[in-house]
Every structure is written in structure tokens, then in C-alpha cells.
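This report refers to the structure that appears directly beneath it.
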């Protein structure tokens, strides 16, 4: 009986090429997810800040309302900052 030996090196290289292509697609996907998440968070932040400024424009200019407005602006900006940094590292693919 005649046996034919087929070299498998081309199959292995094709598998490696496919793996690299899939990894690149995954990285690109995570990159776009992070960008869309960032844009959504920016929009949400600005909507909250606009609400605070609308409240500030209609409130009486007392010292308590000024402190409340400053507190809201600072807390919103800190929450925005922490949200971005948490999702920056949470959305990275596991190696």
C-alpha cells in the first residue's frame, strides 16, 4: 500500500495567521467599545452639569446654594474621572 506524507507546515502557518487576525479584530473591537463608552460618559456628564447650571441660574444666590452647586460640580467631575479610568482598565482584553 502506498502512503502519501503531506507536509503540515502550511496548515500551521495558516492557523497562526488566522489567530493573529482574530486577535487584531478583538483589539480593534475593544478599542471601539472604549471610545463609544467614553463618548456616552461625556454626554451623560454634560447633561448632569447642564442640570446643575440650570438649577444654579434659577436658585436664589445664597451662600448655601453656592456651596451646594460647587459640591455638585466637584462630585460630578470626580465621578466622571473615576468612571473613565475604571472603564479604561476594565475593557482591556485578557491576555
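In my numbering, the protein residues as written are 231 to 325.
Ideal placement from N, C-alpha and C gives every residue a C-beta, glycine not left out.
Quick check on this structure: which residue in the options has the alpha carbon closest to the alpha carbon of residue i?
i           : options          : result
residue 301 : 249, 266 and 283 : 283
Between residue i and residue j, is the Cβ-Cβ spacing less than 8 Å?
i           : j           : result
residue 297 : residue 275 : no
residue 278 : residue 308 : no
residue 314 : residue 271 : yes
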